[in-house]
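*Asks:* Protein chains in written order, with our numbering: chain A, 735 to 1070; chain B, 735 to 1070; chain C, 735 to 1070; chain D, 735 to 1070. Where is the CB? At the ideal position from N, CA and C, for every residue including glycine. The structure displayed is predicted, hence computed values, not measured ones.
4 protein chains.
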Amino acid sequence: MIIIVKQGAQPTQVQDLIESIHVQGLKTTVVVGTEKTIIGVIGDTRRLDDNQLLGNPIVQVVKHISEPFKRANRQFHPDDTVIDCGGAKIGGGHFAMVAGPCSVESREQITEVARAVKAAGATMLRGGAFKPRTSPYDFQGLKADGLELLLEAKRETGLPIVTEIMNINHLPLFEEVDVIQVGARSMQNFEMLKELGRTDKPILIKRGLANTIKELLMAAEYVMSGGNDNVILCERGIRTFETATRNTLDLSAVSVLHEMTHLPVIVDPSHATGVARYVKPMAAAAAACGADGLIIEVHNNPARALCDGAQSLTPEQFRDTAELVAAVRATVAGRL
Amino acid sequence: MIIIVKQGAQPTQVQDLIESIHVQGLKTTVVVGTEKTIIGVIGDTRRLDDNQLLGNPIVQVVKHISEPFKRANRQFHPDDTVIDCGGAKIGGGHFAMVAGPCSVESREQITEVARAVKAAGATMLRGGAFKPRTSPYDFQGLKADGLELLLEAKRETGLPIVTEIMNINHLPLFEEVDVIQVGARSMQNFEMLKELGRTDKPILIKRGLANTIKELLMAAEYVMSGGNDNVILCERGIRTFETATRNTLDLSAVSVLHEMTHLPVIVDPSHATGVARYVKPMAAAAAACGADGLIIEVHNNPARALCDGAQSLTPEQFRDTAELVAAVRATVAGRL
Amino acid sequence: MIIIVKQGAQPTQVQDLIESIHVQGLKTTVVVGTEKTIIGVIGDTRRLDDNQLLGNPIVQVVKHISEPFKRANRQFHPDDTVIDCGGAKIGGGHFAMVAGPCSVESREQITEVARAVKAAGATMLRGGAFKPRTSPYDFQGLKADGLELLLEAKRETGLPIVTEIMNINHLPLFEEVDVIQVGARSMQNFEMLKELGRTDKPILIKRGLANTIKELLMAAEYVMSGGNDNVILCERGIRTFETATRNTLDLSAVSVLHEMTHLPVIVDPSHATGVARYVKPMAAAAAACGADGLIIEVHNNPARALCDGAQSLTPEQFRDTAELVAAVRATVAGRL
Amino acid sequence: MIIIVKQGAQPTQVQDLIESIHVQGLKTTVVVGTEKTIIGVIGDTRRLDDNQLLGNPIVQVVKHISEPFKRANRQFHPDDTVIDCGGAKIGGGHFAMVAGPCSVESREQITEVARAVKAAGATMLRGGAFKPRTSPYDFQGLKADGLELLLEAKRETGLPIVTEIMNINHLPLFEEVDVIQVGARSMQNFEMLKELGRTDKPILIKRGLANTIKELLMAAEYVMSGGNDNVILCERGIRTFETATRNTLDLSAVSVLHEMTHLPVIVDPSHATGVARYVKPMAAAAAACGADGLIIEVHNNPARALCDGAQSLTPEQFRDTAELVAAVRATVAGRL
């Protein structure tokens, strides 16, 4: 950690600051410049609170050198983590192709979509039972009934299922769910992350609309510090000034994350773009830069979907996309 | 609502679309242009799902004329709402000056700060018992013990208290709390908002880092649609590319919100700037543009604060700020 | 165009507004709703000034249906434009691989890099002679001497050259330059765009850091409305809150642009990420989603580069990247 | 300057790096940690190129302690700069109230507005002769004729004039102009800034839509490094995801700039909000936080304005705003 001391600080003030660091068992080295003074702090600085240091009137800048995430850090775990999601593996060369409707609407709908995406190459089925909606007047999902229908579709097709949790009190309902999704709006619901850290389920964490890559890793760290290392990260677009797409897909996050962490990283081109006809090229791009999987919205009748119809592929479009993704993956394999 | 039909749509497709709207009990008016066709939809269009319409391949644009929020809408409730927060009023000319530490640290700390801010002009006491922290390794608050200490400070000073809830299961602990705060990261924790809508407590909702003003109003609508109209809105800075301040304070949101809603709007210059010495000018600016209150971090010893020391005022600085704010309010009263 | 009239507008005010539109030769249709009134305007509405309309106190919203760009619009020019850049073609299936150093530093440097990138598969040579730098104290380029060195490298290798213009008065120096680049900071230098519209040179326009896709198309329209249709667009990252990369590469812009315009679209992964080791995966991703070319920084000794060393590839890394890009292009050809 | 060396760097690589710094006449201090090594660099590091350092494969982070701007830096010039603009002073307690139409439209219009704003308290007249417009099909200003009309209005009212330059070749036309404005889109037109640095005219630089506060100061530094210290800075809103206002006014920039620089800082609430009815509260807020002036759009007939009618005040609204601003300034004087 580096601490930059403001110009004009008294030597006794600097000495007090240094001693307050020493009493925490850390070592320091001081560089006195013509204008300012720098203190280098060495040791486990994670518990040294930046804000407390910044509250000291002589401190101008605090900069960490070590990353604040430990269990998610590739530095301490160089090999890719492989996660088993009810039989479908992800990470370390295993690719997950998750597909399904935005929300579960009926037995017929979810079963028909499940069969279609399985036939088209999906390795897992997604579907929302509890739906986070901006408006309280919008369809909120079939809830427990929706979960039950998803499980039926799983039993019928054998596809492991991925579905979102919005309230930690619903956790008992998720016992047979294969992957529990934490949505973008819940990425910093720290209380929920802690509880999920006490389970052993794979947890799929979507990046929040305004969250940095480091904050996404800290969300993973919340789950992992509870003992659950089965975390999958998902880039799904961030909020920017551009309005031509629903969000701005940040594909470079895939490369950055692969460097910083050993956890698998998947991409959601459906929510990122919000437009069905951009899903295929963005899916191909995600495969080309090394994503460990994709999560794509597919509906048997997008024009009648109860939510997100504009971004849903038909099963035929999904098959076409999955084939292109497979071809791109084969092309880049071992070359990134 | 207006629907713009893509160029090249077949008349039969347009007719099908129009009929699908009519069956929902809505009326339409159609304008056929040289390039495109416009369908005007008249009636209560709130339940017509935009995404479903956009899933129709001939639909290019869907634009609502009515706002999706009804209970929070000033159009249907022209007078300012005044909320009683344990004796301190806010809205309709009543100004709330909420002050206190980022987190409750000890009986001595919270009591000393409470006395100091009361003497300096605060009308409510803030203090975090449950703390949302980006890192699981950071101080997470004193939790239930912190709430107890806050209530002691309330009993001693008579100041109503404002404190954040992070988990709806903690609600029973908040029985004597005067205002329950929903933090920026929880602004779209819809399950929690719904539950808070079933209480009759004043709810202070902070704008999320990447949330639009309309989304903030929809969060209020979640609480209000449950029957609780005691909602206070708080602008606390949004996330932008600028790094000189912790966030970018969007003061124009105060003017926009006052136009769109009857709910009181307060400003948090401490979290918005993250820098103690910018708090006073931003507090004065907020008062000048008509905010209904301020929420300011004050600590008896910022250099020792367990969190957010860099943005905390001393009690003396708070008194100075409160006096300037009062003078500015007197200057602009009745002139905005 | 759609105009939404505010609630409470008097019928005579609405009538005045409608007449002011009719006198401009346009037709209208009016939809009177329960709350608001909508006016649909049909005809060539490009010259109807939105701001003037919005200045009318009864007007709430103005929404265009037709796009304001005409010459760049794919609607009126369905086929891809192919541009000949000194022999190297781009667009309509022709891929441009532009490579070279951030800035021309010496005869040895530019000649060595030119030979190396040509051998590795580049179709054009880039190199900055005039450099836009945030600080006046940073290296500003070799200017006219740099241009001369670039031309020497062109003569020696046969590679057409791409280089940036910062001042329209320098135009005479660019006579032998094959493609004139308008940098991100100059994207809305409208005076320069107009002048470039009077030449017949291919113009490469980089998207500004905070500019929307539509604004990029309007910049192209400035050049094209002057008579020069040889415009190439370049996505090079936008400014967001994320700091792990220099900018955020918006690859979905490639898909959006291909839909909206017939002009070729290339991607600059070097400036977008600012990190050499992310260039290869982002180049592969750009090829996978159908970009018409790439522009990549290559330096023979990145550690000694006078600018942007952190994002420059070595010639060997570039060869490796170019080979992967070629493989990905072959995979996606005809399938997007 | 601090350089953080990556984990795993060889001692000989570190030694090479240190020597490459020493040969530039700078001193170093090295701190070797368990994981990483820190190099402190002492001396005038402005000419040490960050990118060159970052191009070295063992360098992880480069962090400057000194700011890269020198002439604009308050550290070396503690007193506020006062600039004389044709008789109207700004800075150091002198407040500039600049008002006028978006664009000069006719002799009657500019003269009428000039008289009205002077009577209402304006100290300078603004008006656009050369207009930067997103679309080539929009009104581009009266150009040289517009400048002439502005000068007539100046002669008639005695108000100094502020007007924008879009092309440095037009400079001779600006001889009698009192303040030359560099618009937001030209903030990084470095060639123009350099030329303006060779004049002795006051230069008003507007912050770019996506530019940081530091970049704004570097733009000022371009002008000042040429010898012209008469620079006025203007906050006019930045581009964010929020769409309720045209841009997001960043008022905290006023406080940050006052701390970092001695140059005067004014605020443009008209372009920041884009909505006439938000101009007054934002003008009051700007005055409350210590801005040195305001620039406000006023039109004698906003509904007929050729541009930006939606954000223009009538002369009566401007008078009302100016009176409130004066009252707020009197209230905060000497207290910020």
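For C/F1052 and C/T779, I'd like the C-alpha separation in whole angstroms.
*Replies:* One C-alpha to the other measures close to 48 Å.
*Asks:* Taking DSSP's pairing of strands, which residues face A/M958 in a bridge?
*Replies:* DSSP, once it has assigned bridges, lists no residue as partnering A/M958.
*Asks:* Please classify C/F810 as buried or exposed, where buried requires at least 16 other C-beta atoms within 10 Å of its C-beta.
*Replies:* Looking at its Cβ environment, which holds fewer than 16 other Cβ atoms inside 10 Å, C/F810 is exposed.
*Asks:* Round the Cβ separation of D/R980 and D/A944 to the nearest angstrom and send it over; I've been treating them as touching at under 8 Å.
*Replies:* At roughly 14 Å, the Cβ-Cβ gap does not stay under 8 Å, so D/R980 and D/A944 are not in contact.
*Asks:* Hey, would you say B/V988 sits closer than 8 Å to B/A1025, going by beta carbons?
*Replies:* The answer is yes: Cβ separation under 8 Å.
*Asks:* By a C-beta neighbour count over all protein chains shown, 10 Å radius and 16 as the cutoff for buried, is B/D879 buried or exposed?
*Replies:* Exposed, because fewer than 16 other Cβ atoms sit within 10 Å of the Cβ of B/D879.
*Asks:* Assign B/K865 to one of two classes, buried (16 or more other C-beta atoms within 10 Å of its C-beta) or exposed (fewer than that).
*Replies:* Classification of B/K865: buried, given that the 10 Å Cβ count is 16 or more.
*Asks:* Just to confirm, are A/K888 and A/L859 a CB contact at a threshold of 8 Å?
*Replies:* Yes, the Cβ-Cβ distance between A/K888 and A/L859 is below 8 Å.
*Asks:* At 4 residues or longer, what runs of the alpha helix (DSSP H) sit wholly inside the segment 830-900 of chain D?
*Replies:* Listed in chain order, they are 841-853, 878-891.
*Asks:* Quick one, are the C-beta atoms of A/C819 and A/S1046 less than 8 Å apart?
*Replies:* No; because the gap between Cβ atoms is not below 8 Å, this pair is not in contact.
*Asks:* Looking only at its own chain, which residues have a Cβ that is under 6 Å from the Cβ of A/V957, when we skip the five neighbours before and after it?
*Replies:* Correct list, in chain order: L927, L930, G931, I937, V965.
*Asks:* Going along the segment 887-912 of chain B in order, which residues come within less than 8 Å of chain C, judged by CB to CB distance?
*Replies:* Hits within the stretch: zero.
*Asks:* By the three-class DSSP mapping on this structure, what secondary structure does B/N1034 have?
*Replies:* It is coil, neither helix nor strand.
*Asks:* Can you have a look at C/S840 and say buried or exposed, based on whether 16 or more other CB atoms are within 10 angstroms of its CB?
*Replies:* Looking at its Cβ environment, which holds fewer than 16 other Cβ atoms inside 10 Å, C/S840 is exposed.
*Asks:* Taking B/K1014 as the query, report the chain D residues whose CB atoms sit under 8 Å from its CB, ordered along the chain.
*Replies:* Ordered by position in chain D, the residues that pass the 8 Å Cβ test against B/K1014 are L1070.
*Asks:* Among all the DSSP beta bridges, which residues are the ones paired with D/D912?
*Replies:* In DSSP, D/D912 forms no bridge with anything.
*Asks:* Residue range of the alpha helix (DSSP H) that D/I773 falls in?
*Replies:* Unbroken run through D/I773 is the beta strand (DSSP E), 771-776; no alpha helix (DSSP H).
*Asks:* By the 10 Å Cβ neighbour count, where 16 or more other Cβ atoms means buried, how is B/H1033 classified, buried or exposed?
*Replies:* Flag for B/H1033 reads buried.
*Asks:* For D/L967, write down the residues that DSSP places opposite it in a beta bridge.
*Replies:* D/L967 pairs with D/I939, D/V999.
*Asks:* For chain A, is any of its Cβ atoms less than 8 Å away from the one on C/L950?
*Replies:* No, its Cβ sits nowhere closer than 8 Å to a Cβ of chain A.
*Asks:* Could you tell me whether the segment 1005-1025 of chain D touches the segment 1056-1065 of chain D, where touching means 3 or more Cβ pairs closer than 8 Å?
*Replies:* Taking 8 Å as the limit for Cβ pairs, the verdict is that the segment 1056-1065 of chain D does touch the segment 1005-1025 of chain D.
*Asks:* Please report whether the beta-carbon of B/F975 lies at a distance below 8 Å from any beta-carbon of chain D.
*Replies:* Answer yes: the Cβ-Cβ gap between B/F975 and chain D drops below 8 Å somewhere.
*Asks:* Under 8 Å between C-beta atoms, does C/K928 make it to chain B?
*Replies:* Chain B contact via Cβ: absent.
*Asks:* How many angstroms separate the CA atom of C/T762 from the CA atom of D/S920?
*Replies:* For C/T762 and D/S920, the distance between alpha carbons rounds to 39 Å.
*Asks:* Between which two residues does the alpha helix (DSSP H) harbouring A/I752 extend?
*Replies:* Looking at the DSSP string, the run of the alpha helix (DSSP H) that includes A/I752 is 745-756.
*Asks:* In whole angstroms, give me the CA-to-CA distance for C/A922 and D/T746.
*Replies:* Note on residue identity: the sequence assigns Gln, not Ala, to residue 922 of chain C. Taking the straight line from one Cα to the other gives about 48 Å.
*Asks:* Would DSSP call A/N807 helix, strand or coil?
*Replies:* Strand.
*Asks:* For the beta strand (DSSP E) that B/Q741 lies in, which residues bound it at each end?
*Replies:* Taken as a continuous stretch (DSSP letters only), B/Q741 belongs to no beta strand (DSSP E), as it is neither H nor E.
*Asks:* Roughly how many whole angstroms lie between the Cα atoms of B/A806 and D/A848?
*Replies:* Using only the alpha carbons, I get a separation of about 42 Å.
*Asks:* Quick one: grab the DSSP three-state call for C/G1068.
*Replies:* Here C/G1068 sits in coil by DSSP.
*Asks:* Spatial neighbours of D/A854 within its chain, please: CB distance less than 7 Å, with the 5 preceding and 5 following residues excluded, ordered by chain position.
*Replies:* Excluding positions up to five away in sequence, the list reads P1049, F1052, R1053, A1056.
*Asks:* Can you tell me which residues form a DSSP beta bridge with B/C819?
*Replies:* Paired residues: B/A822.
*Asks:* Counting only the same chain and skipping the five closest in sequence on each side, list residues whose C-beta sits under 8 Å from that of D/G917.
*Replies:* P866, E898, M900, K940.
*Asks:* Have a look at the DSSP bridge pairing and note the partners of A/H828.
*Replies:* DSSP output for A/H828 lists A/G825 as bridge partner(s).
*Asks:* Within 10 angstroms of the Cβ of D/A1064, are there 16 or more other Cβ atoms? Answer buried if so, exposed if not.
*Replies:* Exposed: under 16 other Cβ atoms inside 10 Å.
*Asks:* Is D/L997 close to chain B, meaning its C-beta is less than 8 Å from at least one C-beta of that chain?
*Replies:* Judged by the 8 Å Cβ criterion, D/L997 is not in contact with chain B.
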